[in-house]
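Participant: Residue numbers (our numbering), protein chains in the order written: chain A, 1 to 399; chain B, 400 to 724; chain C, 725 to 1007; chain D, 1008 to 1434.
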Amino acid sequence: MINEAPQETIEASTDRFRIESEHLEMGMNGLKHSMNVVAGIGLGGLALTWSVAACANLVVGVAGPMTGEYASGGEQFRKGAEQAVKDINAAGGLLGQKVDLVVGDDVCDPKQAVSVANSFVNKKVAFVDGHWCSSSTLPASDVYNDAQIPQVTVSTNPKITERGIQGIFRITGRDDQQGQVAGDYIAENFKGKKIAVVDEKTAYGGGLADEIAKELSAKQTPVVLRQSITAGEKDYSGLVSKLKANGVEVLAYGGYYQEVALILRQAAQAGLKLALIGGDTLTNNELVNAAGPEINKVIFTFPPDPRKNAAAAKVVEALRAQKIEPEGYMLYSYAAMQVFADAAKRANSTDYAAVVKQLHNASFSTVVGPVDFDAKGDLKSPGYVVYRWKGNNYEYVNK
Amino acid sequence: MKYGGACTLHRLRTSLTGVDMSQALQQLINGITLGAIYGLIAIGYTMVYGIIGMINFAHGDIYMVSAFIAVTCFTLVASSGISSVVATIAITLVVCIALTSAFGWTVERVGYRPLRGSSRLAPLISSIGISIFLQNAVQITQGARVKSIQPLVTGGVNLIAAEGHHGAYVSYTQILIVAVTVLLMCGFTLFINRTSFGRQQRACEQDQRMMQFLGYNVDRIIALTFMIGAGLAAVAGVMVTLYYGVVDFSIGFQAGIKAFTAAVLGGIGSLPGAMLGGVIIGLIEAFWAAYLSPEYKDVATFVILIVVLMFRPSGLLGRPEVEKV
Amino acid sequence: MTIDRPLLRVENLTMQFGGLRAIENLSMHAYAAQVTSVIGPNGAGKTTFFNCLTGFYRPTRGALTLSHPRRGELRLDAMRSVNVARTAQVVRTFQNIRLFPRMTVLENLMVAQHNTLQEASRFSIAGALNLASYRRASEQAIDNALTWLGRLGVRDVAEKAAGDMPYGVQRRVEIARAMCAGPILLCLDEPAAGMNPRESAELTALLRSLAKEQGIGILLIEHDMSVVMKVSDHIVVLNHGKKIAEGCPAGIKSNPDVISAYLGEDDDSSSDELMPHERSAHA
Amino acid sequence: MSATMMKESDLSLRIRDALWASVVAGLIGLPLLGLTTRDGMHGLQVETRWPQLAAFIAIAFAGRFVLQTVMHRFKIAPKRRASTRPAPGVVDKGALAWLGAGCVAFAVLLPALFAGNRYVVDTATTVLIYVMLGWGLNVVVGLAGLLDLGYVAFYAVGAYTYGLLSTHFGFGFWQALPVAGALAALFGMVLGYPTLRLRGDYLAIVTLGFGEIIRLVLVNWGDLTGGPNGISSIPKPTFFGLPMAASGEGATFASVFGIDYTPGQRVVFLYYLILGLALLTSLLVNRLRRLPVGRAWEAVREDEIACKAMGINVTNVKLSAFATGAMLAGFAGVFFAARQGFISPESFTFPESATILAIVVLGGMGSQLGVVFAASVLVVLPELGRDFSEYRMLAFGVAMVLIMIVRPGGLISHRRATVNVPSEAKQ
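#1: Under 7 Å, Cβ to Cβ, is there at least one residue of chain B near A/L239?
#2: Using a C-beta cutoff of 7 Å, does D/P1235 count as contacting chain A?
#3: On the three-state DSSP scale, how would you describe D/T1269?
#4: Determine the contact status of B/L520 and D/V1368, defining contact as a CB-CB distance below 7 Å.
#5: With distances taken Cα to Cα, identify the nearest neighbour of A/N246 among A/K214, A/A196, A/E211.
#6: Can the beta-carbon of C/L944 be found less than 7 Å from the beta-carbon of C/S761?
#7: Mind listing the chain B neighbours of D/I1412? Cutoff is C-beta to C-beta under 9 Å, in chain order.
#8: Return the Cβ separation of C/L833 and C/A869 in integer angstroms, given the expectation that the two are a contact with Cβ distance under 8 Å.
#9: Nearest-angstrom Cα distance between C/W872 and C/C904?
#10: Over what stretch of residues does the beta strand (DSSP E) that includes B/G644 continue unbroken?
#11: Measuring straight from C-alpha to C-alpha, what distance separates A/Y387 and B/F467?
#12: Find the residues of chain D that neighbour A/S135, judging by a C-beta separation of less than 9 Å, and give them in chain order.
#13: Is the separation between the beta-carbon of C/Q956 and that of C/V759 shorter than 7 Å?
#14: By how many angstroms is the C-alpha of D/Y1162 removed from the C-alpha of D/A1183?
#15: Beta carbon of D/L1144, beta carbon of D/I1363: below 7 Å?
#16: Along the alpha helix (DSSP H) that carries D/L1171, what are the first and last residues, could you check?
#17: Verify the contact flag: B/V637, CB atom, against every heavy atom of the ligand ADP, threshold strictly below 6 Å.
#18: Tell me, please, whether the segment 623-634 of chain B touches the segment 455-474 of chain B by the rule of three or more beta-carbon pairs shorter than 8 Å.
#19: Alpha carbon to alpha carbon, what distance is there between B/Q605 and B/G449?
#20: Tell me, to the nearest whole angstrom, how far the beta carbon of C/L737 is from that of C/P783; I am working on the premise that it is less than 8 Å.
#21: Just to make sure I have the definition right: I need the residues of chain D whose C-beta is within less than 7 Å of the C-beta of C/P825. Which are they?
#22: Report back the beta-carbon spacing between D/F1072 and D/I1022 to the nearest angstrom; my notes put them in contact at under 8 Å.
#23: At a CB distance below 7 Å, what residues from the segment 261-280 of chain A approach chain B? Give them in sequence order.
#24: Tell me the start and end of each unbroken alpha helix (DSSP H) in the segment 304-372 of chain A that is at least 4 residues and wholly inside, in chain order.
#25: What are the start and end residues of the beta strand (DSSP E) that includes A/S228?
#26: In chain order, what residues of the same chain lie with their CB nearer than 8 Å to the CB of B/G655, ignoring the 5 residues before and after it?
#27: Between which residues of its own chain and D/G1370 is the CB-CB distance below 7 Å, once the five residues before and five after are set aside?
#28: So the alpha helix (DSSP H) B/V537 belongs to, where does it begin and stop?
#29: Does DSSP classify A/K159 as helix, strand or coil?
#30: In chain order, what residues of the same chain have a beta carbon less than 8 Å from the beta carbon of C/E883, not counting five sequence neighbours either side?
#31: By DSSP, does C/N807 sit in helix, in strand, or in coil?
#32: Buried or exposed: which applies to C/S862, given that a residue is buried once 16 or more other Cβ atoms fall within 10 Å of its Cβ?
#33: Applying the 10 Å Cβ sphere with the 16-neighbour rule, what's the burial state of C/Y755?
#34: How about the segment 1341-1361 of chain D and the segment 493-506 of chain B: do they share at least three Cβ pairs that are nearer than 8 Å?
#35: Skipping 5 residues on each side, what residues in its chain have a beta carbon closer than 6 Å to that of C/R795?
#36: With DSSP as the reference, label D/S1354 as helix, strand or coil.
So, in structure tokens, the structure goes:
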């Protein structure tokens, strides 16, 4: 009687939760219950197999970090896919079948990514839109390759398409490409300024920063400081005072927006004026409030803003009507679905070989513009453009 | 590790050439500020440990919750048209401490009281469970996006203003943080040493059974201890929100580990120890990050902790336990 | 059995904690096949003496020398507690019983034979493969254990958790465990505490026979005078860390210093200690 | 009459108690449920969710009240001082043995029961990895009583050993396995050494520190470990040299056994592989427990001083425990790397250590079967929750708390004696 009250308060948090709490109780009262839990694996499995059996529709999957640190990125990604599927079904489905979308949450954790991949295989998905993080896409793609499921990702780590997997495609550029673009921009526009290249130790950030550094040295632009920090920290005063000591004016940063916000704020607090250049993840509008007034110092590379495409106008409208701003990778996720649907139509089947063949050879017109994949599965013409944040939205930088 | 050592040495050489006093001073300031925050959280760990001899793994997340409360509160106050900075901070502090200590109480009631007297690991696990729960509860109810407020206290003092922007700079926020911490520490020490509750609390640390026989409500004392710990974490939460201005549901873990390390380094169970440990760790991080390799600063922290414990198995200020035969 | 050369020689042993002298210039001998008792009022430094002897404390001054039948002269004061038990084969029990509470009584006794068994299990490899050599060793260990449990009359609890046993039983189990470790000098810290007269009478008989038939030396700390007087060949009386008397039971009983040491004690719990048992001793 | 009086009084008592509960619910609900902030055009804006908060408080009240009433009705006394000693076996040995056998049988048949259900088999594989880790940590925490919060470090050592040996020197799974085990054991001893003098929570934080150090080195020592990119395309284990592939150069499992290859085969093979490893682990640990070293582990947990007085070298005993536990983690790590084909520091963070420790404690320390159940709960629960992913970790946390409260000794708190009186000696 001492302990129960707060349990109730916990239970209260959601009705869904109570469904689960049934499962918990299994654990509680010793053995026979626990036995049920072991059977729980079975039940879970059965439930899934049934759900597969139940729907004769065509199933496609979208996978990304729906929870956790990068949840907002995953959310954009999911919304894009949902919209695409909605539109496809509105247009009478695909090959006469209604399309169902299943969502997989990998929390950007490689282990969970594999688990998600297997559950997709189980649900007999015909196509996977994702994953979002490079570190999830890498292990998951093995499973999809195994099970012969075509996949279109937005992960930018070069390695992904370098492993000779036939069925994986990338609808964005690669870190090395955007690194180049960023590097060039710095070399041209910040001549003679003191430049530092910093990255947080993530698969994404490290790769990007290395590419920027490479490009800078190629352009004989000196870098006064090359540094790595640990993502997830809150205190970057060490880095800031190091930048200050080196009189750095331009900071090229490889990493996610959370750290960017903190670095900018702490730099401002230490009275250090910085221009910051980063990669595609800085499109996330969380950065706006997080960085505060500093936001206007942020420059980043991103593929041409699809919202400005005529082809995207309808979709953008539809999304805005639902109070969803189609920012970041939302439209790319949408485009991935489009590409698959298109390829399937041309192949007149969702069979792996046929679809992949189409994806490799045909060229598609999507909300992000014309899409052409090369032999490795990368875009033939990955355009990266430089943007600058202005208040609540970003715009092209006119060189 | 070897590589790490090598590269740090290299960094040391390169950075020492460009180093000037002002940067050292700057890092000293930053380090102490950071240390003050760690210290405030560490006291929570150390008090709880002192009284029930257990780690409260949820403590870091209580601090995280308090940071979120602070964000909400700041926003509310701002929108309610109160412009005075002092008033804003005061109100927020009060609200945060009140609500957060409620969390502290709940944690004790849910995760600890039912398990009193059972194996020492049971409460450890339940507190890990609570910590996971809090993180996800916040993520669901408050959203996974980072919350951020505009800097409330701006400006500061240039200590060595001389050679351009190479001066050491103390922001008013930093001064505020250190000041509040010092005040709190003094008041708190008095509270523990002078008040009757303080005496009861310390008596409980000595011998709970006896206190029970003497007719004191030990449960109540323990619950209060948790609430006080949470209250201090709340202050830390507010300060961090002021200092960094950016909060997300994952800040609890990092800070928790650091504060816990601080508590152990200083000698778990000792209040001055917790503060000392906090400052030491803050300084290690600040200087290591500035002069050696930022990516290895946590390694440094833990290595130093281990070395200290190898020579002083019960921390810097902890009373060494004699092997009772 | 020759009692010419003492088994244990204590030469002006001094143990100091900060200002407090727990033991001061204690010199005494203990012989094989004999029971030597160390008595004295509370806080006389008896247990401290045991802790120095068994390597838990490092003496401030003085020498503790054990003449080991096979290993020769061993300086106990220079040894770590592990080696005192392992090399010098000086095994002790504890005033506040220290069994392994959650393990069964039998397991407790097996742990006492750890080193022999570990030897036999050859880094656990022979053990893991359950080779004959190891099986034999462990079977021997088991019935060695059972024998000792039998000797102490607690064999029926062999498979019970040691911690759940009543006090008296735990005491006897602890003695059995000590014997399993194969001591040549056995140090018992108040073995009779918490035993009823009958039990302590049995204990007395047992200790004597242990000393005689096993030929081991027994050092005994005991408050129960009836036991002490019956069992001891030699008694050393400590008070405030100093030796105030030494000799055979009869001599000690009549020794005025001893009487005053006990009766002089302002703490009367210890003063009445001598008298009643006196009577029972005569009876 | 007086009886009704009684009822009345404790009814009001219960109501007051429930009110108190709802007050607390209100206090903790207000900042989380009641208020929230959203990014507005300029800075944050506060939104209120009074209905949810009200519902929350109401449920807290009702729940508390009902609970009290139930407890009152069925006279369930709140157990305040749960016993330190494991409760006398929940069931008798026989039943446990049968249950164990049942689990093994279920495990062996599982791929057949869910033929072609890749997901279930794969999840079961994950469960078994954790079972193996749990049994390994059990040696350190459950038997030797050394609280280790950095266990994942040895798991990482194993995984990276295989990852590096296979990608750089072309080691196969089976060659790498012993190497990794040995290396992990070595680490176990190296890391164990400084902690020998420490007890309880000092030990905890130091081991935690080691875990973090290893992880940070993995992240930052890019030249060796590939840093955050980790190591990818790690070869899958082979069936006695026969690859599990559609058509490799030379013979494949499928071709040799004259069956046509399906990707499912590999998953099932991996499953049986880890099942085999796990069963071996179980045998080993069970055997060690019955050996002098195993008993010494438990003795050290029970009373170090008594151990010294028995002439047991506590240092060696502790180190052997660390080494054994680490070795098993190393094996598990190798399998993990082989199964994932990709490893990166993200997989070896503190929460992982916490989960493994939780498995050991929830299972009931020292109980192997308990570990199996706990691992199933902690792995399957989030999986079942995948479809409403947000709430799954929430439930996970609650589960840990609830299990601890309901069974502080763990699911199965039952200690088997390591030695019995031989039957012929009984009389």
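Just so it is clear, CB atoms sit at the ideal spot from N, CA and C, and this is done for glycine as well.
Facilitator: The relevant details are as follows:
#1: yes
#2: yes
#3: coil
#4: yes
#5: A/A196
#6: yes
#7: V509, G510, P513, L514, A521, S525
#8: 4 Å
#9: 7 Å
#10: Note, B/G644: premise wrong, no beta strand (DSSP E); not H, not E.
#11: 32 Å
#12: P1235, N1236, G1237, F1349, S1351, E1353
#13: Strictly speaking, residue 956 of chain C in this sequence is Ser, with Gln absent from that position. For C/S956 and C/V759, yes; Cβs fall inside 7 Å.
#14: 14 Å
#15: yes
#16: 1159-1176
#17: In the structure on display, the ligand ADP does not appear, and there are no ligands present to speak of.
#18: yes
#19: 9 Å
#20: 6 Å
#21: E1309
#22: 7 Å
#23: A261, L262, R265, Q269, A270, G271, L272
#24: 313-321, 330-347, 352-361
#25: 225-229
#26: I440, F456, H458, G459, D460, Y462, S530
#27: G1141, G1377, V1378, F1380, A1381, G1417, L1418, I1419
#28: 520-541
#29: helix
#30: T828, V829, L830
#31: helix
#32: buried
#33: buried
#34: no
#35: none
#36: helix
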